[in-house]
Amino acid sequence: MSKAWIEDLWLTEPRETLPDGSKVKIPVPSSVTKSLAAYMKTPEKAKVPGKFKTARYGHGKRWRVSWWATLPDGSKKRSSKAFSTRADAESFAAAMEDDIRSGRYVDPADADRPFQSVALEWLASKNNLRGRSYLRYENDMTRYVLPKWGDRPIGSIQESEVSEWVHELQSGTAPHEFKRKTTMQPMKRRTIKGVVKDAFGGVMAYASSPKRRWILSNPAADVELPQDAETDDRVFLSHQQVADIAEAAARVDVKNPMVSKLLIIFLAYTGLRANEALALRIGDLDFTRMRISVTKTITADRQGREIEGKPKSGRNRIVPIPGFLTADLEQVCDGRTDDDYLFTALHGGMIHLNTWRTRVWYPAKEGAGYGDVKGLRIHSLRHTYASFAIGAGCDVKTLQSIMGHASATETLNTYAELWPDRIDEVAAVMEAKYQQWEAQRRE
Numbered sequence: 001m002s003k004a005w006i007e008d009l010w011l012t013e014p015r016e017t018l019p020d021g022s023k024v025k026i027p028v029p030s031s032v033t034k035s036l037a038a039y040m041k042t043p044e045k046a047k048v049p050g051k052f053k054t055a056r057y058g059h060g061k062r063w064r065v066s067w068w069a070t071l072p073d074g075s076k077k078r079s080s081k082a083f084s085t086r087a088d089a090e091s092f093a094a095a096m097e098d099d100i101r102s103g104r105y106v107d108p109a110d111a112d113r114p115f116q117s118v119a120l121e122w123l124a125s126k127n128n129l130r131g132r133s134y135l136r137y138e139n140d141m142t143r144y145v146l147p148k149w150g151d152r153p154i155g156s157i158q159e160s161e162v163s164e165w166v167h168e169l170q171s172g173t174a175p176h177e178f179k180r181k182t183t184m185q186p187m188k189r190r191t192i193k194g195v196v197k198d199a200f201g202g203v204m205a206y207a208s209s210p211k212r213r214w215i216l217s218n219p220a221a222d223v224e225l226p227q228d229a230e231t232d233d234r235v236f237l238s239h240q241q242v243a244d245i246a247e248a249a250a251r252v253d254v255k256n257p258m259v260s261k262l263l264i265i266f267l268a269y270t271g272l273r274a275n276e277a278l279a280l281r282i283g284d285l286d287f288t289r290m291r292i293s294v295t296k297t298i299t300a301d302r303q304g305r306e307i308e309g310k311p312k313s314g315r316n317r318i319v320p321i322p323g324f325l326t327a328d329l330e331q332v333c334d335g336r337t338d339d340d341y342l343f344t345a346l347h348g349g350m351i352h353l354n355t356w357r358t359r360v361w362y363p364a365k366e367g368a369g370y371g372d373v374k375g376l377r378i379h380s381l382r383h384t385y386a387s388f389a390i391g392a393g394c395d396v397k398t399l400q401s402i403m404g405h406a407s408a409t410e411t412l413n414t415y416a417e418l419w420p421d422r423i424d425e426v427a428a429v430m431e432a433k434y435q436q437w438e439a440q441r442r443e
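Residue 1 is where the sequence shown starts when you use the UniProt record's numbering, and the numbers rise one by one after that.
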């Protein structure tokens, strides 16, 4: 049997019984097929004897292509698709057989799945995704991805369309849906990556996986992202600038000045992420060994509620405490239990980063005279620590461990240019070693 075959849903070849009792099919006369061809839009006017009509005559599309295909799990499935004309049916059947033979087969019913339904299924499958990451995917999907692709069949989306969408996102002209009446701004490369490669691309990779094979490939996989005009928005502060912002924070936070001042200094001289610092308990500090145990961070669940979770890399780490911080840290810890948060709000509760950023960080930055410094964020204090550590001679592996990067490659990609050029130093040491060997050889 052919893997794909065509059926006429309107006309049939009736069986008649001959005098000898045998049965034969009666072919449809050419006059009938010609009459029907002339009245395809009004088949009731065609001269078609009743015995040649099927029960579906004149209703729906006339031609049906059926085929058997092997699914990814090895099972067989019969599928079909209807067409108005035989030419379209034949063209589809030929293409279908070619796809089946070449291994490019995709069930049309799967390719016709609306993007939105696949996106919801993909999101529901992300069981290991942290709350904040899940919320970011969900927000990107709601704001940018679904307004563009929600109703489209996944199999109809082409790479060229995704590339055009990237340009729309970059220029701020892409379809979008915001809860508030906000004008869409042009996106930078990092944000576009999150929307196109991570959210949209995640859905299409899910659909094209060998387990499902609803589409042949992910149309976002090879799409190039634009380069920003200014790609480096990192800020590395000097010791004086850190002190200026810390002093300004103390002036701004008049009811809790010591905590806000110390938090800024602490972030700049330990390299912790802000939410890692805010999750620290007093018991996480070991003043004997001068070490901090980083085992938690403040994150969010899928409803957006703040909770404690594992650090970003998923691994605990140990971070050194600079000696000059000891006195202030001991003062903050004095008289409190190991289970208390190290940095607390005025009445003893946890500090919420978004609130503290608005209430203290922004005014402190302005008050210190650095309000116009482009890219200056709380996270800049972490970058600043890296620059201080490298300047003090810290090697890549040690800095990776302290910063909690997933790999040394990440550390190098982020801070490679901060390590000094030691080419001449290496050459000088090699020269000295060679001369030492040469002198020994001559003795």
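Think of the CB as a built atom: it goes at the ideal place given N, C-alpha and C, for glycine as much as any other residue.
On a Cα-Cα basis, can you pick out the residue from the options that is closest to residue i?
{"i": "residue 321", "options": "334, 346, 285 and 340", "result": "285"}
{"i": "residue 228", "options": "192, 137, 143 and 335", "result": "192"}
{"i": "residue 180", "options": "212, 142 and 298", "result": "142"}
{"i": "residue 254", "options": "359, 25, 150 and 384", "result": "359"}
{"i": "residue 96", "options": "184, 69, 119 and 259", "result": "69"}
{"i": "residue 132", "options": "310, 332, 367 and 318", "result": "310"}
{"i": "residue 30", "options": "52, 24, 22 and 21", "result": "52"}
{"i": "residue 121", "options": "103, 151, 177 and 207", "result": "207"}
{"i": "residue 328", "options": "73, 317 and 343", "result": "343"}
{"i": "residue 116", "options": "144, 150, 24 and 139", "result": "150"}
{"i": "residue 258", "options": "267, 269 and 246", "result": "246"}
{"i": "residue 415", "options": "388, 32, 314 and 267", "result": "388"}
{"i": "residue 201", "options": "153, 239, 288 and 145", "result": "145"}
{"i": "residue 224", "options": "176, 160, 260 and 211", "result": "160"}
{"i": "residue 404", "options": "357, 335, 313 and 373", "result": "313"}
{"i": "residue 406", "options": "240, 349, 428 and 315", "result": "315"}
{"i": "residue 119", "options": "103, 106 and 152", "result": "152"}
{"i": "residue 126", "options": "423, 302 and 100", "result": "302"}
{"i": "residue 78", "options": "55, 105 and 56", "result": "105"}
{"i": "residue 375", "options": "41, 233, 176 and 49", "result": "233"}
{"i": "residue 46", "options": "157, 32 and 102", "result": "32"}
Using C-beta distances below 8 angstroms, list every residue in its chain close to residue i, excluding the 5 sequence neighbours before and after it, in chain order.
{"i": "residue 425", "result": "none"}
{"i": "residue 63", "result": "6, 7, 8, 9, 82, 83, 84, 85, 86, 88 and 89"}
{"i": "residue 60", "result": "9 and 82"}
{"i": "residue 346", "result": "255 and 256"}
{"i": "residue 2", "result": "With a pLDDT of 48 at residue 2, under the threshold of 50, the predicted position of this residue should be treated as unreliable, though the coordinate-derived value follows. Contacts found: 97."}
State the beta-bridge partners of residue i as determined by DSSP.
{"i": "residue 341", "result": "281"}
{"i": "residue 126", "result": "According to DSSP, which records beta bridges pairwise, residue 126 is partnered with nothing at all."}
{"i": "residue 214", "result": "Paired residue(s): none; residue 214 is not in a bridge."}
{"i": "residue 16", "result": "24"}
{"i": "residue 267", "result": "Paired residue(s): none; residue 267 is not in a bridge."}
{"i": "residue 79", "result": "67"}
{"i": "residue 291", "result": "286 and 320"}
{"i": "residue 299", "result": "307"}
{"i": "residue 7", "result": "64"}
{"i": "residue 462", "result": "No information on residue 462 is available, as it lies outside the stretch 1 to 443 that the chain covers here."}
{"i": "residue 350", "result": "344"}
Residue i and residue j: beta carbons closer than 7 angstroms?
{"i": "residue 91", "j": "residue 5", "result": "no"}
{"i": "residue 114", "j": "residue 81", "result": "no"}
{"i": "residue 243", "j": "residue 364", "result": "no"}
{"i": "residue 384", "j": "residue 237", "result": "yes"}
{"i": "residue 274", "j": "residue 353", "result": "yes"}
{"i": "residue 271", "j": "residue 402", "result": "yes"}
{"i": "residue 137", "j": "residue 199", "result": "yes"}
{"i": "residue 265", "j": "residue 279", "result": "no"}
{"i": "residue 171", "j": "residue 186", "result": "yes"}
{"i": "residue 380", "j": "residue 235", "result": "yes"}
{"i": "residue 195", "j": "residue 220", "result": "no"}
{"i": "residue 340", "j": "residue 282", "result": "yes"}
{"i": "residue 58", "j": "residue 111", "result": "no"}
{"i": "residue 294", "j": "residue 276", "result": "yes"}
{"i": "residue 26", "j": "residue 43", "result": "no"}
{"i": "residue 396", "j": "residue 386", "result": "no"}
Apart from the five residues on each side of it in sequence, which residues of its chain come closer than 7 angstroms, Cβ to Cβ, to residue i?
{"i": "residue 168", "result": "174"}
{"i": "residue 419", "result": "390"}
{"i": "residue 188", "result": "228"}
{"i": "residue 330", "result": "287"}
{"i": "residue 177", "result": "142, 143 and 147"}
Ignore the nearest five residues each way along the sequence and tell me which others in residue i's own chain have a CB closer than 6 angstroms to its CB.
{"i": "residue 124", "result": "none"}
{"i": "residue 11", "result": "28 and 52"}
{"i": "residue 435", "result": "none"}
{"i": "residue 213", "result": "72"}
{"i": "residue 308", "result": "279 and 296"}
Comparing the C-beta of residue i with each C-beta of chain C, is any distance below 7 angstroms?
{"i": "residue 390", "result": "Included in the structure is just one protein chain, with no chain C present."}
Please give me, in chain order, every unbroken run of the alpha helix (DSSP H) with length at least 4 that falls completely inside the region 141-171. Complete alpha helix (DSSP H) runs here, min 4: 146-149 and 159-171.
Taking only runs that begin and end inside the region 24-68, name each unbroken alpha helix (DSSP H) of 4 or more residues, in chain order. For the region 24-68, whole alpha helix (DSSP H) runs of length 4 or above, ordered along the chain, are 30-38.
Complete alpha helix (DSSP H) runs within the region 359-436 (minimum length 4 residues, chain order): As summarised for the region 359-436, the continuous alpha helix (DSSP H) elements at least 4 residues long and confined to that stretch are 362-367, 380-391, 396-403 and 408-415, given in chain order.
Runs of 3 residues minimum, wholly inside the region 302-340: which ones carry the beta strand (DSSP E) assignment? Runs of the beta strand (DSSP E) inside the region 302-340: 306-309 and 317-320.
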